[in-house]
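Colleague: In the numbering used here, the protein residues as written are 3 to 331.
We put the CB at the ideal spot given by N, CA and C, even for glycine.
Nothing here was measured: the structure is a model prediction, and the numbers come from that model.
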């Protein structure tokens, strides 16, 4: 069994606290999806113009049986995907940041990019809330996936090595930027020109499992925002599953699936230990920390339906782009 390295943030990523939520009250403070804003946004002409209908260009009828996005991340960076505890209800931005970072790894593997860049989600969190969401949530945490997706297509992402003077990543600073307030004399707007050099090209809403399988099979990874919660630890130990339980107004990332082994992989941002340890059902390799393994039927019936699931692409549209995932890792 291969021993995987644990990702450690570079010194310039100034995280003030690494505390993980200890109970339901702590977790509730990190749930920041504005559920009432989701459908009005997607029913608008604004959303129709910003997010084209999902379609894989050049897709065949073939589909990968198993996709593990973390294997691509591990191959490119040499580390597990980071699981940095959220400091506030910025789950929508934390999840989208990780999907954009994974998208970078896909691009590097294809030869389209040369270097992986760590990103600062406080920037696009503020851009999505303030500019796309018109600051209507001012005074409280949260956002919606559609706003954050447009923050990436219209405002870009902020690589840490292009902004060495960023404020610390903590609750006070993320909340202030999210309310369009300065932090030590710095506004998120000060970084728009830099971030505009790093744009995502296309984001589309995913409505069915067929679309989701097509997206992931072609390495276009997704976020999902909903009111669905899960058991905190896998039932059945390292080879078990997390089952639907309770309510989380929360966004997470979708990093892979297996049809033959009946799972979909969802990445949370609450910390390394909170969801237990998982072992791959096929290879026996350890899954990275922070992941939930959910049965496909549970996900389709109790999570995807009515959720805000969004696929990301660095291109105009969603080109066919496949890897042999069995050879990765």
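Quick one: Cα of residue 293 to Cα of residue 96, how far?
Modeller: Cα to Cα, the separation comes out at about 14 Å.
Colleague: From the DSSP output, in three-state form, read off residue 107 for me.
Modeller: The answer is helix: DSSP assigns residue 107 an H, G or I state.
Colleague: Mapping DSSP to helix, strand and coil, what is residue 218?
Modeller: In this structure, residue 218 counts as helix in the three-state DSSP scheme.
Colleague: Please confirm if the region 299–310 is in contact with the region 113–128, defined as three or more CB-CB distances below 8 Å between the two stretches.
Modeller: As far as the Cβ criterion goes, the region 299–310 does not touch the region 113–128, which means the pair count is below three.
Colleague: If you measure between the beta carbons of residue 313 and residue 230, is that distance less than 9 Å?
Modeller: Not closer than 9 Å, so no.
Colleague: For the region 69–77 against the region 122–136, are there 3 or more C-beta pairs whose distance is under 8 Å?
Modeller: Segments in contact, no.
Colleague: Quick check: the region 32–48 against the region 138–147, are at least 3 beta-carbon pairs closer than 8 Å?
Modeller: The answer is yes - the region 32–48 touches the region 138–147, with three or more Cβ pairs under 8 Å.
Colleague: Could you tell me which residues DSSP puts in a beta bridge with residue 68?
Modeller: DSSP, once it has assigned bridges, lists 260 as partnering residue 68.
Colleague: Going by Cα to Cα distance, which pick from 88, 89 and 70 is closest to residue 290?
Modeller: Closest option to residue 290, Cα to Cα, is 70.
Colleague: Suppose the cutoff is 7 Å on Cβ atoms and the five residues either side in sequence are ignored; what does the same chain contact list for residue 106 look like?
Modeller: Cβ within range, chain order: 115, 118 and 119.
Colleague: Just how far apart, CA to CA, sit residue 47 and residue 299?
Modeller: Their Cα atoms are separated by approximately 33 Å.
Colleague: Assess contact between the region 150–170 and the region 198–205, defined as three or more Cβ pairs (one per stretch) separated by less than 8 Å. Is contact present?
Modeller: Yes, since at least three Cβ pairs between the region 150–170 and the region 198–205 fall closer than 8 Å, the two stretches touch.
Colleague: Three-state secondary structure (DSSP) at residue 212?
Modeller: Helix.
Colleague: For a quick check, are the C-beta atoms of residue 284 and residue 260 less than 9 Å apart?
Modeller: In this structure, residue 260 lies closer than 9 Å to residue 284 by Cβ.
Colleague: Do you know offhand how far residue 239's Cα is from residue 265's?
Modeller: Rounded to whole angstroms, residue 239 to residue 265 spans 15 Å at the Cα level.
Colleague: Residues bridged to residue 235 by DSSP?
Modeller: DSSP output for residue 235 lists no bridge partner at all.
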